[in-house]
Each structure stands twice: as C-alpha cells, then as structure tokens.
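Here is the structure we will look at, set down as structure tokens.
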DNA sequence: GTGAAAGCGCTAACAT
DNA sequence: ATGTTAGCGCTTTCAC
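Protein chains in written order, with the working numbering: chain A, 249 to 581; chain B, 249 to 581.
Here it is as structure tokens:
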C-alpha cells in the first residue's frame, strides 16, 4: 500500500502538503493540489486509518453493545444503528453482552480498547465499577438505551415499558377481562420491573383488586410460555387472558393453547410485547405492544454523533412512546 | 490513560522490558517481571490497540459483510461469526451490503481501510475490479460464503441450494404432487439460479416433463408471495403445491391462501426455504429446507482465523449439507 | 537480561 | 504557501 511519503515523492512536495490536501484544510496552491491529487490517483493511495487514529486520537469507530445480535429484536436495533453510522461516515463494532454482567463489561472494555470514539449501550446489568471508572476518567461519550444505572450516559433512550404494559392491561380491561395472567420475564431485568409497575398502575387506576392480574415469573423464552400455559391449564385456575412478557413467550402460549384445543381468542385471549418479527405471522395474529426498535438504534447513534461533534443534546432523556398493535388474539367478553 | 512509558518509569525499567512482559516473549528476569506487573496493575495500564496495530501491522479485527444485519437470517449468521471471534480474541466490524454491488464494494473498502486482518464476505454481486485488485495486491485473506465469483477467497463455504431445492421437489413428488408452482427469487441472485437448477434436476431424474413445475420470478419478500398467490388463484391454473423461494415468500403464500379460504395443506401444500425464524411459528408449521446459518458464520470465522495463524486449510471448498424440516404444510395426495 | 534507538504512517506546530 | 520537525504508543532490532 502506498503511503503519504510515496505520494509526496511522486508529487514532488512534502508530506505536510499532501496531508493538507487530504484534510482539505490549510493553504495549498491550486497547482500543487492538482499534482498531489494526480499522485494519489496514480498510486491508489488511501490514508492509513490506524496511523490517523493514533495521531489524532480519533478512530471514527462507534462501539455498540446489545444483548444478542443474533436475536431478531436486537438485530433490528443494530440495523438502525448501522444505517446512522453509515450516514455519519463512522464504522461500528458490535458486541453482544448476553444480559450477563461479566460479558457486558468485557464487551465494553473491548470497545474501549479499540479506541471507539463513543459507545451505544444496551445492557441489562450495572456496568462494573472499574469499567465505569475508566469511562469517566477518559470522558468517553456514551448513549444508553433502556436505562442508565451508573450515570455514565450522556443521554438515555428509554423504552416506555411502563406505559406499554399499562396500555396492554388497559386494553384487556376495556375488553372485559377481569382474570388475567401475566407471564413475566425475570425480575432481574429492568424492563420486567417497569412492566410490572405498569400493570399495577393500570389495575389501580381502574379501581380493581391487585389479584386481577396473576403474575408468574420465568424467562423471555418460548419454552417458558409453553410450559407455564400447560401448567395453568391443568391447575384449574380461572382466567380469560394471558399477557405475555414478550412475543417469544406469547408464541409458546399460543402453541400450548392450540395443543390443548383452547380457542384463541374465543376461549382465551393472548397479548405479547415487542411486536417482534414473528408476531404477525402467528395465528391468530398477535395483538401486542410495538417497540420501534430500528428507530431507537438509529436515534442512539445520531445522538452520539451529535455529541462527538461537540453539540449539546437538546434532550438528555428520551422516552420512546409505544404503540398498541391490534391484531386478532384478543376477544371482547 | 497510562502508557507503556508510565509503566516503565513506575517499574524503573525500560519500555522494551515492559513490552517483553506484555508480549510474554524475550528474556525478562523474574524480579523485573514482578515489578512490571505490579506497575501495570497499579496504573491500570492497558496496551493501546491502535499503536500496536500501527506498529505490528495487525489489527486483530475481522471484517464481515452480510446482505443485511437487520434480517433475522443474517443476524444469526453474524451471531455465529461473533461467537467464533470472541473465542479467538478478535473484534469484528460488521457491514451490510444490501445485495447491491456499489454498497458491497463500499463495505469491503471500509473494512480494508480499517486494516482488518481478514474478511468474511457474504455478497451477492461480483466484487468490483478495483476492490478485488486491492485485495489481491495486499494479499488479504478472505473467506467467501455462498460463492466466489472473483477468485479472491482463500476458501468458499457453499450452501447447498441445488441440493436443497432438489430435495424439496423430490419431497413434493414423493407426496404425489405433479402440478407444482415455484415462486422464485430474482434471477440475479446466485442462490436463485442454483435452486432452479436443483428443481430441474429433480424433475428430470423423476422422468417427469419440465412443465411439472411452473416458475414465477419475483423478490424474496412476503409481499411477492402474497400477491402472486392471489394471482395464481384467480388465474384458474391448476396446482396442488407451492414451493416458495424462501420462508418470507412462503409466509405471504400462506396468508393469501388463508384469506381465500384455501386449506393448507388440505387443498394446497406449501414449502419454504431457509427455516427462517418464523417458519415454525406459521400455521400450519412450515415444511422447509434448513440452512444452518449460525454454524456457517462460525465456521467461516474459524477458517479465517486458521489462515491468519498461517495454517493451511484442509478444504478450500465446503458445501454445507441442507436438511429437510418436515412440519405440517405438505399433504400426501 | 536489559536498554537505547529507530520507525510504523500520519498530523500539526513551528519555521521560513 | 510550503517544508521541517516532533511526536502519537508501541515493537523490535541491535548493542552492551
């Protein structure tokens, strides 16, 4: 690969002049500029990103941690982030944290070591103290998605889990349901807790007893929805609707209900959360709460880029509104 | 951030000695080694990746191009690649090429500029000649997934599109279908052509007339499957099975058939391709051809890492076997 | 065994 | 307007 030195020799000028032409700043005579550009073209010269990064302390790389790129939900988010990066001429390194504190901190350290100019983090656990300390000490710009338990984010994009869950329950109540089961994700997850709180609020505001919603905790997996629904069915508990913690759980619920010959929504109504990839492919189409995943990923990067430019963010905490997507899995009683 | 110089001062040794300790090579007395390690721990020193990369000409970054990270299919592949990277202590930069020659070449150039040690490419178009030229001139290790039209790959991992399509048609034939419609992807795609060839072969081997399978070309989108199925239904054409070019198209097919009150598989059987995320969530469960996406992504990176270590690859062309996944969308006539 | 010194490719402060 | 020079943080000869 040709270096700046090669170009300067070829053009008969100094390295600095070449650098000035490349950067497009400083005084260069039109004449030499043409000479330099010709040499660049001839040699197929491309500036060495590494050397540039070392010298300028700017890598033009944005680091991104999500829970798991392989999952459609986060893949969409990453897709949005990537689009924004491309628009801003940045590259992106993506890591998965697998909702595990150790993995998450490792991922963040990898990104810091890679000299990322800034980070977009979707993590489920508090960032370990040493890592948070490093972020603070080098004053690394971070945009947090979901929540910021450590105060390291320049801005937080919050998903309205509270409002989403509240809206879901209200929708079920509006449709006459008074015996609802909520198959929740693990309490360790921030999102889970916010949703539970939304549920409680909806119930309270409707002036109904707390027992209106029966909560069972599990994992955000189809398997949990499937097994717990079978349990519920054999337990003899009376209920008319299941509000699943997410669409994966809902898929399991639907599977189990069908298997037992329970009609959806005729006998039991089902709601999900996320409007994940498969929600509309389920039969019946799943009524659920949509999160605009791609837009969130994109917005996070845009905010980061803005910080990187030295701009002040107009808002330091943004809550993304959710949207109730009505399909065919909820019946009116 | 502490530099190697800080550490050397702190430990009262030279930079070289510190470097030797970090690299774990060269002679260092036990005594000084302890001193250096203490200083590293005390200062929280972490080697500067950029400086290292500049000096050693090794970035430890692997570049990865797929069609679109946001799509569940490629997200899975990326997930596999990422796992392999982590295991090999590499970082990964991911780009989407959107099956567009210009975007794809841009993505590859970005990765080259980022000084990636090697590339894993899933591209749909020939790599543009200048980019291919650069790859050759710097002898950059590349593993191709899908196919290698430019001879730039050290190895190619091929998906058995031919065998998959052949198996699908054979399965339909075995179930007595003799009037089959194939809703194909665009002819511009390599995968499409291989699948068509598999179809032809299956028909020929069964000694049936070519017209047994009626091919309609479109896009790999649900919309195409939906609209074309409606067309087919109103056209009066006689057929008992639709073999969709992929699971997205199949989803559209199922939607349209249901909408028109056509029973699946009672009236019309449906097959897909990929065993994509939603295939098993469809109703009826979609009988389809599985591609082990995650394993492919992982394998590609493992091969690349192996090349990077200077090892010789045992095989330079690997065809991943496909697998027929039988669910409930095909009936026996 | 260890340190001094050169240099990877680039940018920017400083001369001219 | 242009060139000279000094590093960015690290690895790696090459002396001692």
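All residues carry an ideal CB built from backbone N, CA and C; glycine is no exception.
Bounding residues of the beta strand (DSSP E) (the contiguous stretch that carries residue i)
i	result
residue 476(B)	No beta strand (DSSP E) holds residue 476(B); the alpha helix (DSSP H) holding it covers 470–483.
residue 432(B)	428–432
residue 572(B)	571–573
residue 568(A)	565–568
residue 463(A)	461–465
residue 510(B)	Segment: none, residue 510(B) is in no beta strand (DSSP E) and carries neither H nor E.
residue 578(B)	Premise fails: residue 578(B) is in no beta strand (DSSP E) and is neither H nor E.
residue 249(A)	It is not in any beta strand (DSSP E) - residue 249(A) carries neither H nor E in the DSSP assignment.
residue 536(B)	536–538
Close-in-space but distant-in-sequence residues of the same chain around residue i (CB under 6 Å, 5 per side omitted)
i	result
residue 439(B)	409
residue 266(A)	252, 255, 256 and 284
residue 324(A)	541 and 542
residue 394(B)	370
residue 274(A)	268
residue 433(A)	440, 468 and 493
residue 339(B)	309
residue 322(B)	314, 315 and 316
residue 553(B)	336
residue 489(A)	420, 425, 428 and 517
residue 638(B)	In the structure as shown, chain B begins at 249 and stops at 581. Residue 638(B) is therefore absent and cannot be evaluated.
Own chain partners of residue i with C-beta closer than 8 Å, once the 5 adjacent residues on each side are dropped
i	result
residue 327(B)	542 and 545
residue 470(B)	496, 497, 499, 500 and 503
residue 355(A)	313, 343, 344 and 345
residue 401(B)	369, 390, 391 and 392
residue 379(A)	353, 356, 357 and 360
Neighbour-count burial assignment, residue i, 16 or more Cβ in a 10 Å radius
i	result
residue 277(A)	exposed
residue 479(A)	exposed
residue 511(B)	exposed
residue 201(B)	As displayed, chain B neither begins before 249 nor continues past 581, which places residue 201(B) out of reach and without an answer.
residue 419(A)	buried
residue 308(A)	buried
residue 500(A)	buried
residue 452(A)	exposed
residue 523(A)	buried
residue 551(B)	buried
residue 375(B)	buried
residue 593(A)	This structure gives no information on residue 593(A), because the portion of chain A shown stretches from 249 to 581.
residue 353(A)	buried
residue 444(A)	buried
residue 587(A)	Past the boundaries of the shown model lies residue 587(A); chain A is included only from 249 to 581, so the question cannot be answered.
residue 414(B)	buried
residue 435(A)	exposed
residue 329(B)	buried
residue 366(A)	buried
residue 539(B)	buried
Own chain partners of residue i with C-beta closer than 7 Å, once the 5 adjacent residues on each side are dropped
i	result
residue 364(B)	307, 309, 310, 311 and 341
residue 424(B)	580 and 581
residue 520(A)	492, 494, 495, 498, 527, 534 and 536
residue 291(B)	250, 254, 255 and 258
residue 331(A)	546
residue 301(B)	307 and 363
residue 320(B)	524 and 525
residue 382(A)	360
residue 476(A)	431, 464 and 466
N-terminal and C-terminal residue of the alpha helix (DSSP H) that residue i is part of
i	result
residue 541(A)	541–556
residue 503(B)	495–507
residue 489(A)	Per DSSP, residue 489(A) belongs to no alpha helix (DSSP H); it is in the beta strand (DSSP E), 489–492.
residue 440(A)	438–453
residue 360(B)	349–361
Would you mind listing the alpha helix (DSSP H) stretches within the segment 301–344 of chain B that are 4+ residues and don't spill past its ends, in chain order? 320–335
Uninterrupted beta strand (DSSP E) stretches inside the segment 256–281 of chain A (no shorter than 3 residues): none
The segment 495–514 of chain B in contact with the segment 452–465 of chain B per 3-pair CB rule at 8 Å: no
Between the segment 552–563 of chain B and the segment 547–558 of chain A, are three or more C-beta pairs nearer than 8 Å? no
Does the segment 287–299 of chain A come within contact of the segment 281–296 of chain B, defined as at least 3 CB pairs closer than 8 Å? no
Just list the beta strand (DSSP E) runs in the segment 368–408 of chain A, keeping only unbroken ones of 3 residues or longer that don't cross its boundaries, in chain order. 390–393 and 403–407
Below 8 Å, can you find three or more Cβ-Cβ pairs linking the segment 380–392 of chain B to the segment 440–460 of chain B? no
Do the segment 568–580 of chain A and the segment 398–415 of chain A make contact, defined as three or more Cβ pairs closer than 8 Å? yes
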